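Going down the list, the sequences are from chains A and B. Just remember that the numbering used here sits 6 ahead of the position in the first sequence, which is counted from 1. Just remember that the numbering used here sits 36 ahead of the position in the second sequence, which is counted from 1. Backbone N, C-alpha and C fix where the C-beta goes; we use that ideal spot for every residue, glycine too. Small disclaimer: the values here were computed from a predicted structure and weren't measured.
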Amino acid sequence: MSVMRGAEKKEGEPKKEREIIKAAKGVMYGMALHGMVTYALRLRMHMENLFMLITMGDMLGVPVLPPYYSLRLLPYAVPYLKTWKQTLLRDRDITDSLY
Amino acid sequence: MYESLIVMLSGIIVYGVVYQFYVKWFDKNVIQTDPTRQTPAHMFMDGVEFFPSNRYVMLGWHWKSIAALGPVTGPALAIIWGWLPGFLWILIGNSLMGWLHDYNAMVSSVRNEGASLGPMTYQLIGSRARKVLVWFLGFYTILIFAAFLGALAPILINKSATTGAYAFGGPAALVSFFIMSLVGIGAGFAVFKAKVNVLVVTAISLALVAASIYLVQVVAGASINAAFNAAIPDPLTQQDVVLGAMLLFSFLGAILPLWAFAMPINYLGFYVAYFVIAGILGSSFVVPQTFQAPAFTTWAAPLVLGAGQGAFLFSFPLWPLMFVTIACGACSGWHGLIGSSLSSKQLDNESDAHFVGGGSMLLEGILGLTAVVAVAALPTSLWQGKIYSSLGLYVTGGARYLGNSGLSSSFGIAIMSLIVLVLGLTLTQLALRFARLAISEMVGIRAFKNIYLTSIVASVLTYFLTSSRVTPSGMWGFIWALFGGSNQLLAGVTLLVTTLWLTKLKRPTIFTGLPAIFMIGTTVVALAYTAYATFTIGFTAAGAKVFGTTITSNVQIGSDVAGVIATILAILGLVLAIDGFRAYRHLRVGAPAGPPQIAMPQIAAPTTVVAEDELKVASG
Chain A
7 MSVMRGAEKK EGEPKKEREI IKAAKGVMYG MALHGMVTYA LRLRMHMENL FMLITMGDML
67 GVPVLPPYYS LRLLPYAVPY LKTWKQTLLR DRDITDSLY
Chain B
37 MYESLIVMLS GIIVYGVVYQ FYVKWFDKNV IQTDPTRQTP AHMFMDGVEF FPSNRYVMLG
97 WHWKSIAALG PVTGPALAII WGWLPGFLWI LIGNSLMGWL HDYNAMVSSV RNEGASLGPM
157 TYQLIGSRAR KVLVWFLGFY TILIFAAFLG ALAPILINKS ATTGAYAFGG PAALVSFFIM
217 SLVGIGAGFA VFKAKVNVLV VTAISLALVA ASIYLVQVVA GASINAAFNA AIPDPLTQQD
277 VVLGAMLLFS FLGAILPLWA FAMPINYLGF YVAYFVIAGI LGSSFVVPQT FQAPAFTTWA
337 APLVLGAGQG AFLFSFPLWP LMFVTIACGA CSGWHGLIGS SLSSKQLDNE SDAHFVGGGS
397 MLLEGILGLT AVVAVAALPT SLWQGKIYSS LGLYVTGGAR YLGNSGLSSS FGIAIMSLIV
457 LVLGLTLTQL ALRFARLAIS EMVGIRAFKN IYLTSIVASV LTYFLTSSRV TPSGMWGFIW
517 ALFGGSNQLL AGVTLLVTTL WLTKLKRPTI FTGLPAIFMI GTTVVALAYT AYATFTIGFT
577 AAGAKVFGTT ITSNVQIGSD VAGVIATILA ILGLVLAIDG FRAYRHLRVG APAGPPQIAM
637 PQIAAPTTVV AEDELKVASG
């Protein structure tokens with residue numbers, strides 16, 4: 007029984023160590039880079055929103071591109087449709103603009 | 037003996053017990069979080085604003101976002117009442133109010149589709165309250181700007197009374213900071229434009245920063261400071277020059293794209309600042325210090341204002357001013373803004389809220405305690421009965437702790453001066469950026485949509501609040517109290533909003549309600565007192581007697597500006613409190629509070645490959 011317990015402990019220790027290392031890495035990443043990554047993603051979102059505006063301009067009453075080119079670009083726009091609608095429909099308050 | 041060790045250990049033990057019992061109990065029994073309930077991060081996942089992140093990542097990010105100059109400056113100013121009141125406030129205030137505020141701001145937002153403080157105030161109190169909040173935030177951000185610049189200026193220009201040399205880093209510290217900023221801007225272009233690997237850029241940039249600190253501050257520091265002093269001998273002009281340089285830096289940070297300026301500079305600054313803070317923390321345990329400051333001085337400490345023959349005293353009562361002087365380490369409204377507008381959108385599940393929100397705030401309390409031990413170990417001659425720089429005390433105290441690890445005193449002072457500049461100026465850019473948004477919304481005039489105009493207006497107001505040309509020297513104590521008052525009032529409002537939310541859910545409200553009453557009551561009185569003090573200083577002619585001391589300074593414009601802001605904030609706080617109480621009465625009887633609600637359209641979470649890829653990037 008005691009041997010089994012010892013074996014369990016030996017197996018458990020590296021797992022616990024891994025957890026601690028994972029947590030330390032996570033905290034470090036969060037402090038150093040998470041803000042930058044989120045900002046880069048947000049920057050890309052704004053670019054993609056411009057792309058959607060060009061492609062789907064007709065829907066908004068702003069025919070930016072002739073329909074022929076819009077249709078050619080449509081397959082690239084479709085995967086972003088739901089995210090785009092969500093971004094457009096979401097109410098934004100000044101307190102959301104902190105960063 | 038070994039008071040520093042006792043203070044730090046008692047902080048860790050008390051916060052550990054609070055987290056283990058109070059935080060977890062509150063999370064389980066009052067809020068009743070459910071790990072299986074979908075959070076906004078899953079409901080609205082767009083891989084940009086809304087995406088689930090690992091709780092350790094969120095802890096690191098949230099803590100870094102809430103920790104700046106606040107937790108280290110407040111305790112240094114509060115030493116005028118002795119070290120014990122500040123220590124107890126950080127310990128008890130954080131245990132009973134601070135973490136509750138941060139946690140509730142975050143979890144209430146999670147339960148309300150990621151709504152931030154503005155929409156929550158609108159939904160639970162009403163449209164007027166939301167408008168008042170915007171006005172409030174406008175002044176609040178200007179005060180952050182002024183309080184931080186006012187705290188940093190003495191680090192760059194104050195001189196030793198005995199040697200005549202610069203007492204802290206001097207202008208060389210600012211030069212070193214600007215070189216670090218240039219390296220940061222280069223790093224930003226390398227990462228965002230040239231797509232160079234982040235690790236490579238980080239390693240090269242940090243090596244350059246280390247070399248620049250050594251060369252500018254250690255090798256050439258004395259020469260740079262002497263040259264500056266010779267070129268601009270007048271102390272007031274020296275102050276104007278350093279204030280102008282810091283205002284310009286913040287202005288650029290507020291108007292330029294984040295990726296090109298603020299973001300990479302903050303990123304590099306993080307490594308420099310936080311590793312040294314970790315060093316101070318470690319040193320306070322390994323080489324404990326005996327406190328030289330008294331545990332308690334007096335209930336109404338005298339604040340010295342004015343300089344030379346024109347110096348006079350003004351009473352700085354422990355209640356209410358200590359409770360606003362020490363803000364971030366004990367309870368801070370800034371944290372609620374971060375928690376409700378950003379962190380709540382990225383929590384993987386509800387049960388992470390107490391770990392991220394509560395845990396970060398308790399860690400912030402530990403940071404506040406490092407400031408208490410750093411300052412209390414210094415000789416009282418550095419601060420008692422004269423105008424002193426609060427940040428200067430932290431720089432000197434921190435350098436002593438760093439000295440225990442073998443670092444020379446001059447290098448310790450140099451690196452600490454740079455660190456406080458990093459902590460302060462990275463936040464002032466953000467404060468000015470937010471101030472221009474708030475001013476634009478407050479005023480509502482088309483011209484104020486112009487980012488240059490609003491940034492200039494905020495900068496001019498800040499100059500009036502910080503320059504010794506228009507305010508008596510030492511006035512910064514009241515500016516800091518004003519910033520602390522607005523910060524704590526925001527915390528009170530957040531606690532009030534979360535109390536209303538709990539009332540709506542028919543959950544116990546006493547845990548947040550009592551802190552809300554305490555915070556709002558204390559801060560409104562503190563703001564009213566600050567208004568009285570600043571108007572008295574501003575409007576009293578030379579020769580008049582105030583509190584038995586003769587005022588010898590002339591009428592001061594800056595004091596009047598501070599008085600007007602304090603009065604407006606006190607009135608806004610009262611309006612919010614009255615509206616909040618009315619909403620509470622409505623909610624108690626089951627009537628809906630606030631304006632008619634319009635449900636937000638629910639859209640199924642997008643499950644595109646794009647969003648999942650972004651999730652992987654974001655969570656490392």
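What residues from chain B crowd round residue i, counting only those whose CB sits closer than 9 angstroms?
{"i": "L66 (chain A)", "result": "Going along chain B, no residue has its Cβ under 9 angstroms from L66 (chain A), so there is no contact; the nearest lies around 17 angstroms."}
{"i": "L77 (chain A)", "result": "By Cβ distance, chain B contributes nothing, its closest Cβ being about 21 angstroms from L77 (chain A), past 9 angstroms."}
{"i": "I26 (chain A)", "result": "By Cβ distance, chain B contributes nothing, its closest Cβ being about 10 angstroms from I26 (chain A), past 9 angstroms."}
{"i": "L49 (chain A)", "result": "F228, P293, L294 and W295"}
{"i": "T61 (chain A)", "result": "Chain B residues near T61 (chain A): none, gap ~15 angstroms exceeds 9 angstroms."}
Residue i lies in the alpha helix (DSSP H); which residues open and close that run?
{"i": "P107 (chain B)", "result": "G106 to L113"}
{"i": "P73 (chain A)", "result": "P73 to A83"}
{"i": "A314 (chain B)", "result": "A298 to V322"}
{"i": "A569 (chain B)", "result": "I546 to F575"}
{"i": "G41 (chain A)", "result": "H40 to T61"}
{"i": "W484 (chain B)", "result": "Per the sequence presented here, residue 484 (chain B) reads as Phe, with Trp not at that position. Careful: F484 (chain B) lies outside any alpha helix (DSSP H) and carries neither H nor E."}
{"i": "H390 (chain B)", "result": "That residue, H390 (chain B), is in no alpha helix (DSSP H); it is neither H nor E in DSSP."}
{"i": "W119 (chain B)", "result": "W119 to L124"}
{"i": "N523 (chain B)", "result": "W512 to K540"}
{"i": "L443 (chain B)", "result": "Looking at the DSSP string, L443 (chain B) is not in any alpha helix (DSSP H), and its letter there is neither H nor E."}
{"i": "P271 (chain B)", "result": "P271 to I291"}
{"i": "T326 (chain B)", "result": "Taken as a continuous stretch (DSSP letters only), T326 (chain B) belongs to no alpha helix (DSSP H), as it is neither H nor E."}
{"i": "R624 (chain B)", "result": "I593 to R624"}
{"i": "A262 (chain B)", "result": "G257 to A267"}
{"i": "I42 (chain B)", "result": "E39 to V53"}
{"i": "Q92 (chain A)", "result": "L87 to L95"}
{"i": "M142 (chain B)", "result": "W135 to R147"}
Could you please give the first and the last residue of the uninterrupted beta strand (DSSP E) stretch that includes residue i?
{"i": "L242 (chain B)", "result": "Unbroken run through L242 (chain B) is the alpha helix (DSSP H), V234 to S248; no beta strand (DSSP E)."}
{"i": "A366 (chain B)", "result": "Neither: A366 (chain B) is in no beta strand (DSSP E) and is coded neither H nor E."}
{"i": "L339 (chain B)", "result": "A336 to L341"}
Taking the Cβ atom as the reference point for each residue, do residue i and residue j lie within a distance shorter than 8 angstroms?
{"i": "I423 (chain B)", "j": "G186 (chain B)", "result": "no"}
{"i": "G599 (chain B)", "j": "F571 (chain B)", "result": "yes"}
{"i": "I475 (chain B)", "j": "V458 (chain B)", "result": "no"}
{"i": "L341 (chain B)", "j": "P508 (chain B)", "result": "yes"}
{"i": "G404 (chain B)", "j": "C364 (chain B)", "result": "yes"}
{"i": "V506 (chain B)", "j": "I593 (chain B)", "result": "yes"}
{"i": "V219 (chain B)", "j": "V252 (chain B)", "result": "no"}
{"i": "I522 (chain B)", "j": "Y176 (chain B)", "result": "The amino acid occupying residue 522 (chain B) in the given sequence is Ser; Ile does not appear at that position. Contact flag set, yes."}
Along chain A, which residues have their Cβ under 7 angstroms away from the Cβ of residue i?
{"i": "S377 (chain B)", "result": "T101, D102 and L104"}
{"i": "F306 (chain B)", "result": "M37 and A38"}
{"i": "S152 (chain B)", "result": "D99, T101 and D102"}
{"i": "L95 (chain B)", "result": "V33 and G36"}
{"i": "V84 (chain B)", "result": "L47, R48 and M51"}
Residues of chain A with a CB under 8 angstroms from the CB of residue i: which are they?
{"i": "I374 (chain B)", "result": "L104"}
{"i": "W61 (chain B)", "result": "Ordered by position in chain A, no residue passes the 8 angstroms Cβ test against W61 (chain B), which lies about 23 angstroms from the chain."}
{"i": "P155 (chain B)", "result": "D97, D99 and T101"}
{"i": "Y51 (chain B)", "result": "Those within 8 angstroms of Y51 (chain B) in chain A number zero; the least Cβ separation is about 17 angstroms."}
{"i": "A474 (chain B)", "result": "I100"}
{"i": "G186 (chain B)", "result": "The premise fails here: G186 (chain B) is roughly 23 angstroms from chain A at the closest Cβ pair, so nothing lies under 8 angstroms."}
{"i": "M299 (chain B)", "result": "G41, M42 and Y45"}
{"i": "Y310 (chain B)", "result": "M37"}
{"i": "F80 (chain B)", "result": "Q92 and R96"}
Check the Cβ of residue i against every Cβ in chain A and list those closer than 9 angstroms, keeping chain order.
{"i": "E477 (chain B)", "result": "I100"}
Residues of chain B with CB under 7 angstroms from residue i, in chain order?
{"i": "T70 (chain A)", "result": "The sequence as given places Val at residue 70 (chain A); Thr does not occur at that position. Going along chain B, no residue has its Cβ under 7 angstroms from V70 (chain A), so there is no contact; the nearest lies around 22 angstroms."}
{"i": "A29 (chain A)", "result": "Y92"}
What residues of chain D sit near residue i, judged by a beta carbon separation below 9 angstroms?
{"i": "Y303 (chain B)", "result": "The structure shown contains no chain D; its protein chains are A and B."}
How about residue i: is its Cβ closer than 7 angstroms to a heavy atom in the ligand COA?
{"i": "T75 (chain B)", "result": "Although the ligand COA was asked about, the structure shown includes no ligands whatsoever."}
Give a yes or no on contact between the region 458 to 471 of chain B and the region 136 to 146 of chain B, applying the rule of three or more CB pairs nearer than 8 angstroms. no
Specify whether the region 82 to 98 of chain A and the region 99 to 117 of chain B touch according to this definition: at least 3 beta carbon pairs, one from each stretch, less than 8 angstroms apart. Not touching, per the Cβ criterion.
At a cut of 8 angstroms, does the region 526 to 542 of chain B reach the region 368 to 376 of chain B through at least three beta carbon pairs? yes
Could you tell me which uninterrupted alpha helix (DSSP H) segments, each at least 4 residues in length, are contained entirely in the region 157 to 232 of chain B, listed from first to last along the chain? 163 to 193 and 207 to 224
Which complete alpha helix (DSSP H) runs does the region 58 to 94 of chain B hold, if anything under 4 residues is left out? Those alpha helix (DSSP H) runs which fall completely within the region 58 to 94 of chain B and span 4+ residues are 76 to 79.
Could you check whether the region 200 to 211 of chain B touches the region 444 to 454 of chain B, counting it as contact only if at least three pairs of C-beta atoms, one from each stretch, sit closer than 8 angstroms? Contact between the region 200 to 211 of chain B and the region 444 to 454 of chain B is established, with three or more Cβ pairs separated by less than 8 angstroms.
Within the chosen definition, does the region 182 to 200 of chain B reach the region 59 to 76 of chain B through at least 3 CB pairs nearer than 8 angstroms? no
Between the region 89 to 96 of chain B and the region 30 to 45 of chain A, are three or more C-beta pairs nearer than 8 angstroms? yes
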